[in-house]
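Undergrad: After the C-alpha cells below, expect a handful of questions from me.
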C-alpha cells in the first residue's frame, strides 16, 4: 500500500519538477530539421553543432555506440577493398538538447 502511494506521488510530481528545473526531452536531429531548424556552429561543451529556429537553440551531440562504429568501419573497409558491394550501414545517431 505504501509503495502504491509513493509511486502515485512521484508520478504526479514528475511534470512539476520538470517545469521547475527547466528540463526538457532531447530531440532527434531529423525532427528539428523537418521543423525548419538550421545548423549553427558551436564551440566547447562536447556539442558537435547546434540547431536554431528564431530564439530556440538546441545543442547536438553524437550518441554513437562502439558496435555501430565497428559495423560502419567494417562495411566501409569491405567496400573499399572490393570484398563487398554492400553499402548499407548504421546511421550515426545524433540527439539535440535544448539550450537555455
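Numbering (mature numbering (1 follows the signal peptide of the UniProt record, and there is no 0)), first residue to last: -18 to -1, 1 to 82.
Glycine residues also receive a C-beta, built at the ideal position from the N, C-alpha and C atoms.
Got a sec? Which residues, its chain only, sit under 8 Å from residue 46 by beta carbon, not counting five neighbours each side?
TA: For the purposes of this step, residue 46 is taken as residue 64 along the chain shown, with counting starting at 1. Taken in chain order, the residues that qualify are 74 and 75.
Undergrad: Nearest to residue 30 by CA position, among 11, 55 and 4, is which residue?
TA: Position 48 of the chain shown, counted from the first residue, corresponds to residue 30. Selected option, being the one with the closest Cα: 11.
Undergrad: To the nearest angstrom, report how far apart residue 21 and residue 34 are at their CA atoms.
TA: Against the chain shown, residue 21 aligns to sequence position 39. Against the chain shown, residue 34 aligns to sequence position 52. Going by the C-alpha atoms only, they are around 6 Å apart.
Undergrad: In three-state DSSP terms, what is residue 54?
TA: As a working mapping, residue 54 is identified with position 72 in the chain shown. The answer is helix: DSSP assigns residue 54 an H, G or I state.
Undergrad: Give the secondary structure of residue 11 by DSSP, where H, G and I count as helix, E and B as strand, and everything else as coil.
TA: Walking along the chain shown from the start, residue 11 turns up at place 29. Reduced to three states, the DSSP call for residue 11 is helix.
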